[in-house]
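Residues -22 to -1, 1 to 474 in mature numbering (1 follows the signal peptide of the UniProt record, and there is no 0) are what the sequence shown spells out, letter by letter.
Positions of the beta carbon are idealized from the N, C-alpha and C atoms, including for glycine.
One structure is given below, encoded as structure tokens.
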Amino acid sequence: MKKHLLIFKTFLLVLIINQVIAQDKIKSDDPLSVTKHKISINGKTINYTATTGYLILREESGKARANIFFVAYTKDGVTDPATRPITYSFNGGPGSSSVWLHMGALGPRRIQMTDTGESEAPPYKVIDNEYTWLDETDLVFIDPVTTGYSRPAEGVEGKEFHGYNEDIASVGDFIRLYTSQFERWSSPKFLAGESYGTTRSAGLSGYLQDRHGLYLNGIVLISSVLNFQTILFDKGNELPFALYLPTYSAIAWYHKKLSPEYTDLKKLLSEVEQFAMGEYSILLMKGDKLTDAEKQSLTEKLNRYTGLSKEYIQQTHYRIEILRFTKELLRNEGRMSGRLDGRFKGIDYDNAGEHFEFDPSYNAAIYGPYTTAINDYVRRELNYENDLPYEVLTGRVHPWNYTNVQNRYLNVTETLRQSMTKNPFLKILVCNGYYDLATPYFATDYTFNHMFLDKSLQKNIKMTFYESGHMMYIHKPSLIQFRKDVNTFYKESLTR
């Protein structure tokens, strides 16, 4: 009896494994889905074509390496590609699909949220995006390998794509392939990346130039992280404590945890920035050599700028780590604040805990609506069928390979500096959310101030700021301003 039971269990296990393998197989030879659409932008109707499916990356021998899923939107009636820009877009992670920029800001359709960026009750609704970039540029949304519907080719391991250099090469080769197959070499070319996608964008600026001779007109960096030393709270790395402080202040101000004398956010942040780069940074460097007077000064000012108790600040040795802040700020209310967007509140099981249970600005705000939107949209509107799970944000890409920066922090600013030096026409738009704790705006400001770009090229970089978080576009007023800023950027980038 036991023998028969063992045989049955073995058979069942094999069956399950085969089903999983079958579910992850790609029909990469399926034709692309091509559909026609139209949208009204500022009273003008734009007819466009959506192209959905896979491009296959191959070795020179012809052997398939990866099946890259993409959705492209191209304006109809354009006869000369040199007159029509094209923008390649992706999100970050690592492990994120392009759904956030695709269905939240850039694409012609977007998920409907409240004006403040909160989720509406399911079922979720996809609506026309009057703030799409399609009136300015054609759009190609790329899902890196293992994200979205993208997968390694049969017999190829995912780890061949899961790393800084590997990712740059595969996404860069996709861009080269799409540019060739769809005859866009003469078009003005842009990148738009978010979060780790900004890291990827900086890396691509060098790879595309040096490997493929493909020069860009502009890059839009959304919620940027180019120097990882500015955001990683490692022992011995004092930098993030100072660079996160203005964002802590912004979030505390938003939740009314600061003195009522602070009525203007920008004036507050200017004051905090001066303290962070001055007295605070200097005293952090002193470590155990702080005098009692210096400790008292730090205690009072950090209390003033964060809303955290003086006792708690002293217990942290004047070094407030991000996840501790999100838990401590609203602890007396029985709530925690968000990481991606500090405006959001959530309910935690353990109100005495050190870190939050989940990120209310992700799990409770955007994950459900965006996942629903992309799965429904590709089938019902783009007429594309795929039974693979659409990996919105996956851990399957980890461990991510950083062997190119072993024993040091990843910093891609030098790559971007070289790209801008070799291509002095390259323009950069850097977009920041004041309430973003994933990639705080002051860390980005610090990074670009330490890029050491030649003075003649510094005018090619423009920074914008929004009263929102990591995905500033979920906040409708920020989405509107974001679109205006992008419109100006494209016009300036295309001016000869």
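Residue interval of the beta strand (DSSP E) (run including residue i)
i      : result
Val12  : 11 to 19
Val198 : 196 to 202
Asn25  : 22 to 36
Arg88  : 87 to 89
Met441 : 439 to 444
Leu407 : 405 to 411
Tyr51  : 42 to 53
Leu117 : 116 to 121
Ile105 : 104 to 106
Whole-angstrom distance between residue j and residue i, CA atom to CA atom
i        : j      : result
Asn329   : Thr304 : 12 Å
Ile(-6)  : Asn364 : Low per-residue confidence applies at Ile(-6): pLDDT is 42, beneath 50, and the placement is therefore not dependable, though the value from the model is reported in the following sentence. About 20 Å.
Cys409   : Glu144 : 26 Å
Ile325   : His333 : 12 Å
Gln1     : Arg189 : Confidence in Gln1 is poor, its pLDDT being 46 and thus under 50, which makes the residue's placement too unreliable to answer from.
Leu182   : Lys137 : 19 Å
Leu246   : Thr473 : 37 Å
Met441   : His80  : 22 Å
Gly265   : Tyr102 : 51 Å
Tyr193   : Asn401 : 7 Å
Tyr468   : Gly95  : 26 Å
Asp54    : Val250 : 49 Å
Thr422   : Asp8   : 42 Å
Lys462   : Trp111 : 10 Å
Thr92    : Asp270 : 49 Å
Leu(-18) : Glu38  : Residue placement at Leu(-18) cannot be trusted, given a pLDDT of 43 that sits under 50; the coordinates are not used to answer.
Glu132   : Trp378 : 21 Å
Lys(-20) : Thr177 : Since pLDDT at Lys(-20) reaches only 45, below the 50 mark, its modelled position is unreliable, and no value is offered.
Ile(-2)  : Arg374 : Here Ile(-2) scores only 46 on pLDDT, less than 50, and its place in the model should not be relied on; the value that follows carries that caveat. When rounded, the distance between both Cα atoms is 15 Å.
Lys234   : Phe420 : 21 Å
Ile197   : Gln274 : 45 Å
Val77    : Asn69  : 8 Å
Leu236   : Glu216 : 25 Å
Short Cβ contact (8 Å threshold) for residue i with residue j
i      : j      : result
Ser158 : Leu35  : no
Tyr424 : Thr208 : yes
Lys14  : Ile24  : no
Thr393 : Ser173 : no
Phe152 : Leu33  : yes
Leu318 : Met429 : no
Tyr26  : Pro86  : yes
Ser67  : Tyr368 : no
Phe460 : Ala83  : yes
Gly320 : Ile229 : yes
Asn389 : Phe206 : yes
Asn45  : Arg129 : yes
Leu262 : Glu272 : no
Gly447 : Gly316 : yes
Ser11  : Leu366 : no
For residue i, the nearest candidate out of the options (CA to CA)
i      : options                        : result
Leu307 : Ser74, Asn107, Ser39, Ser227   : Ser227
Leu155 : Tyr142, Thr124, Val118         : Val118
Tyr413 : Thr372, Asn438, Lys454, Phe443 : Phe443
Gly31  : Asp106, Thr350, Tyr362         : Tyr362
Thr391 : Gly184, Tyr109, Leu33          : Gly184
Tyr380 : Pro101, Tyr232, Glu108, His140 : His140
Ile64  : Gly71, Gly70, Ala50            : Ala50
Arg297 : Arg309, Asn310, Lys279, Ile458 : Lys279
Tyr387 : Tyr142, Gly316, Phe460         : Tyr142
Leu415 : Leu435, Leu301, Gln274         : Leu301
Ile105 : Pro377, Leu404, Tyr348         : Tyr348
Thr294 : Gly175, Ser179, Lys213         : Lys213
Pro72  : Ile197, Lys323, Val464, Leu371 : Leu371
Lys454 : Asp113, Ile89, Arg178          : Ile89
Asp121 : Gly175, Glu257, Glu216, Ser275 : Gly175
Ala343 : Lys22, Val464, Pro100, Asn20   : Pro100
Extent of the continuous alpha helix (DSSP H) to which residue i belongs
i           : result
Ala421      : 419 to 427
Asn353      : 345 to 358
Asp151      : 142 to 159
Ile291      : 288 to 293
Val464      : 454 to 471
Glu251      : 243 to 253
residue 562 : The chain is shown only over -22 to 474; residue 562 falls outside these bounds and no answer can be derived.
Phe219      : 217 to 232
Ser67       : Careful: Ser67 lies outside any alpha helix (DSSP H), inside the beta strand (DSSP E) at 64 to 68.
Arg395      : 391 to 400
Ile209      : Taken as a continuous stretch (DSSP letters only), Ile209 belongs to no alpha helix (DSSP H), as it is neither H nor E.
Ser237      : Taken as a continuous stretch (DSSP letters only), Ser237 belongs to no alpha helix (DSSP H), as it is neither H nor E.
Asn281      : 270 to 284
Leu388      : Per DSSP, Leu388 belongs to no alpha helix (DSSP H) and is neither H nor E.
Is the segment 222 to 231 touching the segment 278 to 285, taking contact as three or more C-beta pairs under 8 Å?
-> yes
Check whether the segment 150 to 166 touches the segment 57 to 72, counting contact only when three or more Cβ pairs, one atom from each stretch, lie closer than 8 Å.
-> yes
Are at least three pairs of beta-carbons, each pair with one atom in the segment 395 to 413 and one in the segment 189 to 202, less than 8 Å apart?
-> yes
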